[in-house]
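**Q** Take this structure first; my questions come after.
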Amino acid sequence: MWAVTGPGDLGARIASWRAGGRRIAFVPTMGNLHAGHLALVQRARALAERVVVSVFVNPTQFAPGEDYDSYPRTLEADRRRLEAAGVDLLFAPEVRAIYPHAVQIDASYPVPTVGQGLEDAFRPGFFSGVITVVKRLFDLVAPDVAVFGEKDYQQLCVVRAMVRELGLPIDIASVETVREADGLALSSRNQYLSAHEREIAPQLQRTLREVAAAVGAGETAFARLESQAMERLRGVGFVPDYVCLRAVETLRPLAVGARAGVVLAAARLGRARLIDNVIF
Ligand code: PAF
224 MWAVTGPGDL GARIASWRAG GRRIAFVPTM GNLHAGHLAL VQRARALAER VVVSVFVNPT
284 QFAPGEDYDS YPRTLEADRR RLEAAGVDLL FAPEVRAIYP HAVQIDASYP VPTVGQGLED
344 AFRPGFFSGV ITVVKRLFDL VAPDVAVFGE KDYQQLCVVR AMVRELGLPI DIASVETVRE
404 ADGLALSSRN QYLSAHEREI APQLQRTLRE VAAAVGAGET AFARLESQAM ERLRGVGFVP
464 DYVCLRAVET LRPLAVGARA GVVLAAARLG RARLIDNVIF
């Protein structure tokens with residue numbers, strides 16, 4: 224596995240693969256890799272002959288007061304895991320390689336409408352930061368295909384919309400959320416949970432499954448289902464930001480009578496903010 228930190232070295236390696244006609248898959252990450260990331264890598268390997276993974280904790284997607292400084296950085300362990308997983312190139316840039324002029328969002332392209340509401344209501348500016356870094360990474364890597372997880376479902380929709388709106392020649396592939404045996408979605412932020420909170424955490428996924436099952440069984444009072452789910456989460460110790468039933472692609476509020484959709488949630492549990500979703 225090649226490991227590079229500069230855009231020049233990255234570009235040279237990519238150019239040589241392109242000259243040889245290789246198809247390139249890209250997995251952007253913020254590191255502290257777990258089995259969820261490795262599932263993205265596996266998909267990437269199935270989709271292309273060369274796999275590039277970036278590890279970069281992107282400052283512009285953290286609001287002041289969020290966990291940018293304390294976000295777990297485990298580059299050496301990440302490098303070993305990626306090498307063992309058959310990755311061809313690790314791109315682990317410094318902040319100035321991604322933001323050569325100033326650490327700020329790229330205002331030239333506004334966040335697509337699918338990025339309004341939900342996460343954006345509680346983390347204003349988050350998707351501007353994600354779009355900025357993903358666009359920059361796409362420029363540098365120029366992949367044929369990029370792989371994202373379904374756990375960050377709204378992020379996946381935002382990236383798909385960006386690629387479509389800007390006409391980028393990149394396929395976006397998605398991978399189902401990888402879960403612990405008790406249903407908790409894998410996340411680097413799970414390590415912020417105390418032992419007691421870790422026991423409570425799978426209730427998030429269970430609650431969303433119940434909402435999805437109720438809709439599947441014909442329940443149409445969506446607002447009531449959402450507020451009951453919020454209540455249930457509060458009852459076991461979460462501080463929920465939202466539980467929302469939405470259309471799978473547009474993320475618009477679910478139309479009455481719809482039997483297919485996605486239920487998305489974010490909830491604080493102690494120091495951690497967990498997000499999850501169930502597609503039905
Ligand atoms: O999902 C993430 O880990 C990040 O938001 C991403 C896509 C790597 C951009 O920093």
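Just so we're aligned: the sequence shown equals residues 224 to 503 in my numbering. Just so it is clear, CB atoms sit at the ideal spot from N, CA and C, and this is done for glycine as well. Remember, it's a predicted structure, so these values are computed and weren't measured experimentally.
#1: Write down every uninterrupted run of the alpha helix (DSSP H) in the segment 235-311 whose length is 4 residues or greater and which is fully enclosed by it, in chain order.
#2: Could you pull the start and end residues of the alpha helix (DSSP H) that V401 belongs to?
#3: If you reduce the DSSP assignment to three classes, tell me which class F461 lands in.
#4: V280 and F249: beta carbons closer than 9 Å?
#5: Using only the alpha-carbon positions, how far apart do V264 and P366 sit?
#6: Return yes when the Cβ of L474 is within less than 9 Å of the Cβ of Q378, no when it is not.
#7: Could you tell me if P335 is buried or exposed, where buried requires 16 or more neighbouring beta carbons within 10 angstroms of its beta carbon?
#8: Specify, as a first and last residue, the run of the alpha helix (DSSP H) that L341 falls within.
#9: Looking only at DSSP bridge pairs, what is A436 linked to?
#10: Only counting the same chain, and skipping five residues up and downstream in sequence, which positions put a Cβ closer than 8 Å to that of A258?
#11: Hey, is P335 close to ligand 1, as in C-beta under 8 Å from one of its heavy atoms?
#12: Quick check: does the Cβ of F345 come within less than 8 Å of any heavy atom belonging to ligand 1?
#13: If I'm right that V485 touches V501 with Cβ under 8 Å, what's the distance once you round it to whole angstroms?
#14: Which residues in the same chain have their Cβ closer than 7 Å to the Cβ of R482, if we skip the five residues on either side of it in sequence?
#15: Per the DSSP calculation, I502 is bridged to which residue(s)?
**A** To lay it out plainly:
#1: 258-270 and 298-307
#2: By 1-based counting over the sequence shown, the position of residue 401 is 178. First-last for V401: undefined, no H or E at that position.
#3: Within the sequence shown, the letter at position 238 stands for residue 461. Correct three-state label for F461: coil.
#4: Numbered from 1 along the sequence shown, position 57 holds the residue referred to as residue 280. Numbered from 1 along the sequence shown, position 26 holds the residue referred to as residue 249. No, Cβ-Cβ distance for V280 and F249 is not below 9 Å.
#5: Taking the first residue of the sequence shown as position 1, residue 264 is located at position 41. Taking the first residue of the sequence shown as position 1, residue 366 is located at position 143. Their backbone Cα atoms lie some 14 Å apart in a straight line.
#6: Reading the sequence shown from its first residue, position 155 is the one you call residue 378. Reading the sequence shown from its first residue, position 251 is the one you call residue 474. No, these two residues do not count as a Cβ contact at 9 Å.
#7: Your numbering for residue 335 matches position 112 in the sequence shown. When all chains shown are included, P335 counts as buried.
#8: On the sequence shown, residue 341 is found 118 positions in, with the first residue counted as 1. Careful: L341 lies outside any alpha helix (DSSP H) and carries neither H nor E.
#9: For the purposes of this step, residue 436 is taken as the residue at position 213 of the sequence shown. Partner(s): none; A436 has no beta bridge.
#10: In the sequence shown, counting from the first residue as 1, residue 258 sits at position 35. V401 and L409.
#11: Along the sequence shown, read from residue 1 onward, the residue named residue 335 stands at position 112. No.
#12: Taking the sequence shown and counting its residues from 1, one reaches residue 345 at position 122. No, ligand 1 has no heavy atom inside 8 Å of this Cβ.
#13: To locate residue 485, count along the sequence shown from 1; it is residue 262. To locate residue 501, count along the sequence shown from 1; it is residue 278. So it is a contact: roughly 7 Å between Cβ atoms.
#14: Position 259 of the sequence shown, counted from the start, is the residue given in the question as residue 482. Within the same chain, R482 has close Cβ partners V438 and G439.
#15: On the sequence shown, residue 502 is found 279 positions in, with the first residue counted as 1. Bridge partners of I502: V485.
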